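Accompanying notes for the structure given below.
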Amino acid sequence: MTSYKLMVKGVIKKADVLLEVVDARFPDETRNSEVERNMVRAKKPFIIVLNKCDLVSNEKLEKSKARLSKIAPTVFVSSKDKNGTTMLRHKILEVASIKDRDILVGALGYPNTGKSSVINGVTGRNKASTSAISGHTRGVQLVNAGSRIRFIDTPGVIPFDEHDEYVQGLLGVKDTTHLKDPIGVALKIIEKTCTENKKALETFYNVTIEGQDSYDVLEMIGSQCNFLKKKGEVDEMRAAVRVINDWQQGKLVI
Ligand SMILES: Nc1nc2c(ncn2[C@@H]2O[C@H](COP(=O)(O)OP(=O)(O)OP(=O)(O)O)[C@@H](O)[C@H]2O)c(=O)[nH]1
Ligand SMILES: [Mg+2]
Numbered sequence: 512m513t514s515y516k517l518m519v520k521g522v523i524k525k526a527d528v529l530l531e532v533v534d535a536r537f538p539d540e541t542r543n544s545e546v547e548r549n550m551v552r553a554k555k556p557f558i559i560v561l562n563k564c565d566l567v568s569n570e571k572l573e574k575s576k577a578r579l580s581k582i583a584p585t586v587f588v589s590s591k592d593k594n595g596t597t598m599l600r601h602k603i604l605e606v607a608s609i610k611d612r613d614i615l616v617g618a619l620g621y622p623n624t625g626k627s628s629v630i631n632g633v634t635g636r637n638k639a640s641t642s643a644i645s646g647h648t649r650g651v652q653l654v655n656a657g658s659r660i661r662f663i664d665t666p667g668v669i670p671f672d673e674h675d676e677y678v679q680g681l682l683g684v685k686d687t688t689h690l691k692d693p694i695g696v697a698l699k700i701i702e703k704t705c706t707e708n709k710k711a712l713e714t715f716y717n718v719t720i721e722g723q724d725s726y727d728v729l730e731m732i733g734s735q736c737n738f739l740k741k742k743g744e745v746d747e748m749r750a751a752v753r754v755i756n757d758w759q760q761g762k763l764v765i
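Residue numbers (our numbering): 512 to 765.
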């Protein structure tokens, strides 16, 4: 068994309640069915935390929440704006139903989804170290949140079976300097945002999209940003790097 699987199993065993921290921009891609199955098998209550909710519209959030609530209690949070963190604290106390001792809460999720930031949001202090570079939290760490809650912060769970570069790009697991195919990743981001909220993409890059494919949109963005090669053609690579950086830095709100 890989060290990730062992780590996850160990945390599930120890914790009274688990948080599955997902990125609200793409909850389905950042849920991990294997981790969920393990939690159910261990009969441990878990809460799905839709983090980074400042980066999505309320409409999309409500839809995701309604859908995911059928699987487990779902709370949306912006650790950045400290929104939803009090609600999360209440939810933890509610699902744990432990009255006579501290509650141990394990935070699990893919790299960079904001596990450490969520913990800081609930504790109200920056006790767990965070970073824009994924793979920041190394090893399992205990964080005391006061008022009967202690957290176990964990390193990101790398997708178990897939090493899909597109997912890693979307998640910010790999930045542009580490991606083999930045153009492919940028096209995925464009596809994704076009489906979720075309208007947001149009406004952000000042382009009008009327049925063009994602490659054409990338070219339009490059041209709008004035990213041109010597002969006046659009420099798609520069445009791709720009799109990925904007996405990974949370500038593009969908
Ligand atoms: N916009 C926005 N950014 C957030 C939010 N929460 C976390 N981030 C950013 O996401 C990045 C990753 O946050 P971390 O808390 O370090 O994520 P993590 O899941 O602990 O990451 P690893 O430990 O590397 O697996 C940082 O740049 C945070 O500032 C949020 O609610 N909104
Ligand atoms: Mg972390």
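Don't be surprised by glycine CBs; every beta carbon is placed ideally from N, CA and C.
These figures come from a predicted structure and were not determined experimentally.
In three-state DSSP terms, what is E769? Outside the shown range of the chain, which is 512 to 765, sits residue 769, and nothing can be said about it.
Which residue's Cα is closest to the Cα of N644: G657, G625, R661? As a first step, residue 644 is located in the sequence shown; it is residue number 133 there, counting from the start. Position check: residue 644 holds Ile in this sequence, whereas Asn was assumed. Out of G657, G625, R661, the CA that lies nearest to the CA of I644 is found in G625.
From the DSSP output, in three-state form, read off N562 for me. Translated into the one-based positions of the sequence shown, residue 562 becomes position 51. Look at N562 here: in three-state DSSP terms it is strand.
Looking at the structure shown, is E730 part of a helix, part of a strand, or coil, going by DSSP? Numbered from 1 along the sequence shown, position 219 holds the residue referred to as residue 730. DSSP, read as helix, strand or coil, puts E730 in helix.
Selection from N737, L653, L529, K576 that minimises the alpha carbon distance to A553: Sequence index remark: in the sequence shown, residue 553 carries index 42 (1-based). A553 has its Cα closest to that of L529, out of N737, L653, L529, K576.
Among M598, S589, K703, I720, which one has its Cα closest to the Cα of N569? Position 58 of the sequence shown, counting from 1, holds the residue named residue 569. Considering only alpha carbons, the answer is S589.
State yes or no: is the C-beta of S628 within less than 8 Å of the C-beta of T648? Within the sequence shown, residue 628 is the residue found at index 117, counting from 1. Within the sequence shown, residue 648 is the residue found at index 137, counting from 1. Their beta carbons are not under 8 Å apart, which means S628 does not touch T648 by this criterion.
Alpha carbon of V567 to alpha carbon of A535, nearest angstrom: Here the question's residue 567 lines up with position 56 in the sequence shown. Here the question's residue 535 lines up with position 24 in the sequence shown. Approximately 7 Å between the Cα atoms of the pair.
Within 10 angstroms of its Cβ, does N631 collect 16 or more other Cβ (buried), or is it exposed? Position 120 of the sequence shown holds residue 631. With 16 or more other Cβ atoms within 10 Å, it is buried.
Compute the distance between the beta-carbons of D664 and A639, then report whether it is under 8 Å. Against the sequence shown, residue 664 aligns to sequence position 153. Against the sequence shown, residue 639 aligns to sequence position 128. Yes.
With a 10 Å radius around its C-beta and 16 neighbouring C-beta atoms as the bar for buried, classify I732 as buried or exposed. Counting from 1 along the sequence shown, the entry for residue 732 is found at position 221. Classified as buried, I732 has 16 or more neighbouring CB atoms from the shown chains inside 10 Å of its CB.
Is it the case that the CB of K626 approaches a heavy atom of ligand 2 more closely than 7 Å? Indexing the sequence shown from 1 puts residue 626 at position 115. Within the cutoff, so yes.
Please classify V567: does DSSP put it in a helix, a strand, or coil? Start at 1 with the first residue of the sequence shown, and residue 567 comes out as number 56. Looking at V567 - three-state DSSP - the assignment turns out to be coil, as it is neither helix nor strand.
DSSP three-state assignment for G646, whether helix, strand or coil: Working through the sequence shown from its first residue, we reach residue 646 at position 135. Note: G646 maps to coil in three-state DSSP.
In its own chain, which residues sit with a C-beta less than 6 Å from the C-beta of I559, not counting the 5 before and 5 after it? If you number the sequence shown from 1, residue 559 lands on position 48. For I559, where only same-chain residues beyond five positions count, the Cβ hits under 6 Å are E531, L579, A583, T585.
Tell me the DSSP secondary structure of S640 in three-state form. As a first step, residue 640 must be located in the sequence shown, where it is residue number 129. Residue state, collapsed to three classes: coil.
Among residues of its own chain, excluding the 5 on either side of V677, which ones have a beta-carbon nearer than 6 Å to its beta-carbon? Along the sequence shown, read from residue 1 onward, the residue named residue 677 stands at position 166. Here residue 677 is Tyr; the residue named in the question, Val, does not match the sequence. Within the same chain, Cβ atoms closer than 6 Å to the Cβ of Y677 are found at V696, K699, the five residues on either side in sequence being excluded.
In angstroms with no decimal places, state the Cα-to-Cα distance between L615 and G635. The residue labelled residue 615 in the question sits at position 104 within the sequence shown. The residue labelled residue 635 in the question sits at position 124 within the sequence shown. Between the C-alpha atoms of L615 and G635 there is a straight-line separation of about 17 Å.
Between which two residues does the beta strand (DSSP E) carrying L619 extend? For the purposes of this step, residue 619 is identified with residue 108 of the sequence shown, where counting begins at 1. Per DSSP, the continuous beta strand (DSSP E) segment holding L619 begins and ends at 614-619.
Could you tell me the alpha carbon to alpha carbon distance between T596 and S575, rounded to whole angstroms? In the sequence shown, the residue the question calls residue 596 occupies position 85. In the sequence shown, the residue the question calls residue 575 occupies position 64. Straight-line Cα distance between these residues: approximately 18 Å.
Can you determine whether any heavy atom of ligand 2 sits closer than 7 Å to the C-beta of D534, and answer yes or no? Locating residue 534 in the sequence shown gives position 23, counting from the first residue. Not under cutoff, so the answer is no.
Is the stretch 600-613 in contact with the stretch 731-746, if contact means three or more CB pairs nearer than 8 Å? These segments do not touch.
From which residue to which residue does the alpha helix (DSSP H) around R661 run? Numbered from its first residue, the sequence shown carries residue 661 at position 150. No alpha helix (DSSP H) holds R661; the beta strand (DSSP E) holding it covers 660-664.
CB-CB length for V651 against V519, believed under 8 Å: Translated into positions along the sequence shown, residue 651 becomes position 140. Translated into positions along the sequence shown, residue 519 becomes position 8. Between V651 and V519, the beta carbon gap of about 10 Å keeps them out of contact (Cβ cut-off 8 Å).
I'd like the ranges of any beta strand (DSSP E) spanning at least 3 consecutive residues and lying wholly in the stretch 528-559. The DSSP assignment places complete beta strand (DSSP E) segments of no fewer than 3 residues inside the stretch 528-559 at 528-534, in order along the chain.
Where does G657 sit, in a helix, a strand or coil, going by DSSP? Here residue 657 is taken as the residue at index 146 of the sequence shown, counted from 1. Correct three-state label for G657: coil.
Mind checking whether the beta-carbon of L566 lies closer than 7 Å to any heavy atom of ligand 1? Locating residue 566 in the sequence shown gives position 55, where the first residue counts as 1. Yes, the Cβ of L566 comes within 7 Å of a heavy atom of ligand 1.
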